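Quick note on numbering: the working numbering labels position 177 of the sequence shown as 798, and the sequence is numbered without any gaps.
What follows is a set of notes on a single structure, which appears directly below.
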Amino acid sequence: MGRAIALALAERGMHVGVHYHGSEEGARETARAIEALGARATLLRADLRQPDAPDALVADAARLLGGLDVLVNSAAVMVRTPIETVTPAVWDDMMALNLRAVFFCARAAGAFMMRAGGGVIINMADLAGLESWPAYIPHGISKAGVIQLTRALARTLAPTVRVNAIAPGAVLLPESWSERDAERLAATTPLRRIGSPNDVVRAVLYLLDADYVTGEVAIVDGGRHIR
Numbered sequence: 622m623g624r625a626i627a628l629a630l631a632e633r634g635m636h637v638g639v640h641y642h643g644s645e646e647g648a649r650e651t652a653r654a655i656e657a658l659g660a661r662a663t664l665l666r667a668d669l670r671q672p673d674a675p676d677a678l679v680a681d682a683a684r685l686l687g688g689l690d691v692l693v694n695s696a697a698v699m700v701r702t703p704i705e706t707v708t709p710a711v712w713d714d715m716m717a718l719n720l721r722a723v724f725f726c727a728r729a730a731g732a733f734m735m736r737a738g739g740g741v742i743i744n745m746a747d748l749a750g751l752e753s754w755p756a757y758i759p760h761g762i763s764k765a766g767v768i769q770l771t772r773a774l775a776r777t778l779a780p781t782v783r784v785n786a787i788a789p790g791a792v793l794l795p796e797s798w799s800e801r802d803a804e805r806l807a808a809t810t811p812l813r814r815i816g817s818p819n820d821v822v823r824a825v826l827y828l829l830d831a832d833y834v835t836g837e838v839a840i841v842d843g844g845r846h847i848r
């Protein structure tokens, strides 16, 4: 999904900072695709679970790109964690990336954007932040936090910086899922299909252009939250 968003921004002529941690080859492939579109790509490696990494990442991005107009906060993990498997280490690791890093990246980017005269921050939440998924309790709580964080930041950084979130539903299925699993999911979704990263991309592009929208959560789930 991050790759699809990065390419969509490049198609708009934006230079893109491609953040990665462990997947260097995937990041390089994305950078090559961005440059094939005529935009510039800058690779930025950081382990956002480390407390100082978000501030350093944003500073590097602004310096190497020559500015910072848009931040898409999409780094996260989604791990199945039945309640009996959740340990303090599992909890802290997930919250560090899924929630704490989102705040500190947004705070650093927001401060830069306010000095520069404006910008847009888009946080990737999740349908799990709006529903109760028993096997994904820490993940759901982290994404519920992202939703509340989005609202608080939107109010704090207004009117100079707009902050919104996107809560995707089933746009990327786990590799372990069978075709039958996918069919069952589609059948129980009001729009009767599985989504795709492009559905999220369209929401990103809308929020970039919607200059009278801030503090909102765009739910992109084919209607699953109303089923």
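For each residue, glycine too, the CB sits at the ideal point set by N, CA and C.
Since we're looking at a predicted model, the values are computed, not measured.
For residue i, collect the residues of the same chain with a Cβ closer than 8 Å to its Cβ; drop the 5 residues on either side in sequence, then sort them by chain order.
| i | result |
| --- | --- |
| residue 635 | 660, 690 and 691 |
| residue 626 | 693, 695, 818, 821, 822 and 825 |
| residue 707 | 758 and 759 |
| residue 649 | 664 |
Taking the alpha-carbon positions, what's the residue i to residue j distance?
| i | j | result |
| --- | --- | --- |
| residue 715 | residue 813 | 31 Å |
| residue 763 | residue 737 | 30 Å |
| residue 805 | residue 815 | 10 Å |
| residue 784 | residue 641 | 22 Å |
| residue 726 | residue 630 | 19 Å |
| residue 624 | residue 697 | 14 Å |
| residue 712 | residue 740 | 32 Å |
| residue 840 | residue 847 | 11 Å |
| residue 703 | residue 672 | 27 Å |
| residue 676 | residue 755 | 33 Å |
| residue 833 | residue 801 | 42 Å |
For the alpha helix (DSSP H) that residue i lies in, which residues bound it at each end?
| i | result |
| --- | --- |
| residue 822 | 818 to 830 |
| residue 655 | 645 to 657 |
| residue 734 | 722 to 737 |
| residue 715 | 709 to 716 |
| residue 794 | Segment: none, residue 794 is in no alpha helix (DSSP H) and carries neither H nor E. |
| residue 777 | 758 to 778 |
Could you give the first and the last residue of the continuous beta strand (DSSP E) run that contains residue i?
| i | result |
| --- | --- |
| residue 789 | 782 to 789 |
Among the options, which residue has its Cα nearest to the Cα of residue i?
| i | options | result |
| --- | --- | --- |
| residue 745 | 796, 807 and 699 | 699 |
| residue 811 | 778, 845 and 643 | 845 |
| residue 843 | 797, 831 and 809 | 809 |
Give every residue of the same chain whose Cβ lies closer than 6 Å to the Cβ of residue i, excluding the five residues on either side of it in the sequence, and list them in chain order.
| i | result |
| --- | --- |
| residue 772 | 836 |
In its own chain, which residues sit with a C-beta less than 7 Å from the C-beta of residue i, not counting the 5 before and 5 after it?
| i | result |
| --- | --- |
| residue 724 | 770 |
| residue 749 | 757, 760, 761 and 764 |
| residue 807 | 813, 814 and 815 |
Segment contact, 8 Å Cβ cut-off, at least three pairs: the region 751 to 769 with the region 714 to 721: yes
Count the CB pairs spanning the region 821 to 832 and the region 784 to 798 that are closer than 8 Å, and state whether there are at least three. yes
Pair every Cβ in the region 674 to 694 with every Cβ in the region 725 to 732, then say whether three or more of these pairs are closer than 8 Å. yes
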